[in-house]
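Residue numbers (this note's numbering): 346 to 852.
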Ligand code: PHE
């Protein structure tokens with residue numbers, strides 16, 4: 346078979362020549378310096394040369410040591426133990442603890458550190474004398490390896506670990522723990538020329554002029570006919586760029602908004618600071634309901650109370666709690682207290698927002714949703730946050746049924762990418778019947794997502810609503826974790842820059 350002639354681009358030849366001058370491997374950054382090419386060009390040409398078998402690409406890990414701010418300060422002022430030793434020497438070679446604690450140049454914390462190291466380095470002797478600790482030093486000890494290393498780093502900036510003498514290497518862990526130096530690992534890519542590459546340089550190789558941009562000049566002059574254009578290579582290495590983008594969580598919220606908007610819903614919002622009236626009472630939750638207790642709900646000190654809505658609404662709601670009013674219910678049978686309803690809280694669910702809206706818009710048809718923040722007094726862990734989002738909505742219309750509710754949510758989940766949805770009986774004080782929706786996810790099984798049901802007459806009749814109200818509300822974060830492949834809920838809001846950058850814009 347005829348051997349294909351090797352053609353090199355100009356940048357490839359430059360690099361190959363630079364490599365043929367040296368016996369050892371050369372790093373990408375050194376090649377850049379030597380050839381005057383920019384980093385991207387070197388990386389790109391290296392990949393081409395590698396493919397042609399003219400160079401071998403190597404990747405090694407290198408450790409670099411650098412001094413931190415605290416370390417620089419220690420170099421200037423001396424390590425705390427050295428400074429303390431000097432003070433004791435000045436005081437005549439010994440000092441009591443209480444004497445030293447009066448030294449203005451040492452904070453309590455720093456003194457503790459200095460004493461610890463005096464003991465550890467064996468620079469001082471600690472004696473008990475009349476219930477006091479006496480610290481005695483004899484002479485100025487020579488500079489230790491840790492101090493020498495700090496001086497060297499201060500002098501030279503970043504130093505590669507392998508360049509350090511062994512006794513200094515042994516100090517690295519210790520100084521890192523003292524927070525005065527940083528050791529970072531870096532990938533270093535380098536190239537070494539192959540035999541074939543060497544032969545090619547020696548035999549003399551022709552450079553092809555490749556053009557990457559078709560200009561109007563090339564077209565007008567007709568030169569394009571004889572021009573060799575560079576092939577498009579979509580896999581060519583390029584510098585990664587991180588353009589500004591919407592946060593993955595906001596991105597998903599927007600997607601959810603769009604789904605509901607496309608299904609004919611309107612978005613509503615309501616206040617984070619709510620009255621207990623809208624968060625609980627209007628939803629027929631009795632005033633001694635356990636969810637109202639301090640361990641679940643954040644109560645506000647300022648403002649301490651909220652205004653209640655119009656008298657009629659308040660009266661109807663209170664009567665309904667007490668004896669059922671005209672709702673056909675017997676109520677909860679206790680004395681309703683307006684003071685409890687006036688308490689201000691951070692809303693614990695966005696049902697507070699839909700019920701508020703319902704009171705103002707009792708006439709059908711109504712189709713509204715919200716994706717908004719709620720607050721609960723939860724201990725934070727991988728599953729729980731104290732502030733999180735809920736996806737909420739209501740449909741108010743004549744003749745709507747539980748089937749419409751299940752159908753709407755099934756469609757919503759389907760558009761989000763969850764095909765298998767099931768509904769289970771559940772309980773909420775404000776709906777009858779009540780359901781819980783679950784979706785099936787391959788790795789996790791059935792996952793509970795949202796509560797729902799038809800608002801009880803005890804909820805709708807006091808607000809003047811005469812038709813059925815389908816309502817649902819549930820967690821957003823679990824969906825987000827599934828979608829983003831996270832196992833710890835806190836990761837959603839940690840804003841780890843690496844994660845934000847890695848997460849694609851289109852999920
Ligand atoms: N508010 C309930 C929750 O926070 C969910 C729900 C909303 C249930 C509407 C029924 C109707 O879990």
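C-beta: ideal position from N, C-alpha, C; glycine also.
Computed from a prediction, not measured in an experiment: that's the story for all the values here.
field: residue 694, buried or exposed, once every other Cβ within 10 Å from all chains shown has been counted against 16
entry: buried
- request: Measure the CB-CB distance between residue 710 and residue 811 and report whether it falls below 9 Å.
  value: no
task: Could you have a look at residue 770 and say whether DSSP puts it in helix, strand or coil?
output: strand
message: Let's test the definition: count the other Cβ atoms within 10 Å of the Cβ of residue 841 and tell me whether it reaches 16, buried, or not, exposed.
response: exposed
- request: Go ahead and pull the three-state DSSP assignment for residue 508.
  value: helix
- prompt: Would you say residue 783 reaches chain C, if we count a Cβ-Cβ gap shorter than 9 Å as a contact?
  reply: In summary, chain C is missing from the structure at hand, where a single protein chain is found.
- request: Name the residue from 549, 592, 473 whose alpha carbon lies nearest to the alpha carbon of residue 443.
  value: 473
Whole-Å CB distance - residue 656 paired with residue 667, under 8 Å assumed: In fact, because the Cβ distance is near 16 Å, the residues do not count as touching under 8 Å.
- prompt: Does ligand 1 have even one heavy atom less than 8 Å from the beta-carbon of residue 779?
  reply: yes
query: Nearest to residue 469 by alpha carbon, out of 610, 377, 441?
result: 441
- prompt: Counting Cβ pairs, one atom from each stretch, are 3 or more of them under 8 Å apart for the stretch 393-407 and the stretch 447-464?
  reply: no
message: Just to confirm before moving on: does the CB-CB distance between residue 700 and residue 817 stay below 9 Å?
response: no
task: Could you have a look at residue 516 and say whether DSSP puts it in helix, strand or coil?
output: coil
Rounded separation between residue 347 and residue 530 - CA only: Unreliable positioning characterises residue 347 in this predicted model, as indicated by a pLDDT of 43, which lies under 50. The coordinate reading is nonetheless provided below. In a straight line, the C-alpha of residue 347 is about 46 Å away from that of residue 530.
task: Can you grab the Cα-Cα spacing for the pair residue 665 / residue 648, in whole Å?
output: 28 Å
- prompt: Does ligand 1 have a heavy atom nearer than 8 Å to the CB of residue 621?
  reply: no
task: Pull up the distance between the alpha-carbon of residue 590 and that of residue 850, whole angstroms please.
output: 7 Å
task: State the start and end residues of the unbroken beta strand (DSSP E) segment that holds residue 472.
output: 470-474
field: Cβ-heavy atom distance, residue 615 to ligand 1, below 8 Å
entry: no
- request: Return yes when the C-beta of residue 773 is under 8 Å from any heavy atom of ligand 1, and no when it is not.
  value: yes
Span of the alpha helix (DSSP H), counted from its first residue to its last, around residue 659: 656-668
task: Please report the Cβ distance between residue 533 and residue 378, rounded to the nearest whole angstrom; I am assuming they are in contact, meaning their Cβ atoms lie under 8 Å.
output: About 14 Å; that fails the 8 Å criterion.
- prompt: What number of angstroms, rounded off, separates the C-alpha of residue 759 from the C-alpha of residue 609?
  reply: 16 Å
- prompt: So, helix, strand or coil for residue 778, using DSSP?
  reply: strand
- prompt: Quick one: is the Cβ of residue 516 within less than 8 Å of any heavy atom of ligand 1?
  reply: no
query: Run through DSSP, which three-state label would residue 688 get?
result: strand
query: Alpha carbon to alpha carbon, how far is residue 612 from residue 696?
result: 14 Å
query: Do residue 499 and residue 420 have their CB atoms nearer than 9 Å?
result: yes
message: Can you give me the C-alpha to C-alpha distance between residue 824 and residue 598, rounded to a whole angstrom?
response: 10 Å
task: May I ask whether a heavy atom of ligand 1 can be found less than 8 Å away from the beta carbon of residue 634?
output: no
- prompt: With a Cβ-Cβ cutoff of 9 Å, do residue 546 and residue 382 count as a contact?
  reply: no
message: Does the stretch 789-806 come into contact with the stretch 717-724, if we say contact requires no fewer than three beta-carbon pairs (one atom in each stretch) closer than 8 Å?
response: no
message: residue 458 and residue 494 - do their beta-carbons sit closer together than 9 Å?
response: no
- prompt: What are the start and end residues of each continuous beta strand (DSSP E) run of 3 or more residues lying completely inside the stretch 615-656, in chain order?
  reply: 618-620
task: Could you tell me if the beta carbon of residue 797 falls within a distance shorter than 8 Å of some heavy atom in ligand 1?
output: yes
task: Put residue 704 into one of helix, strand or coil per three-state DSSP.
output: helix
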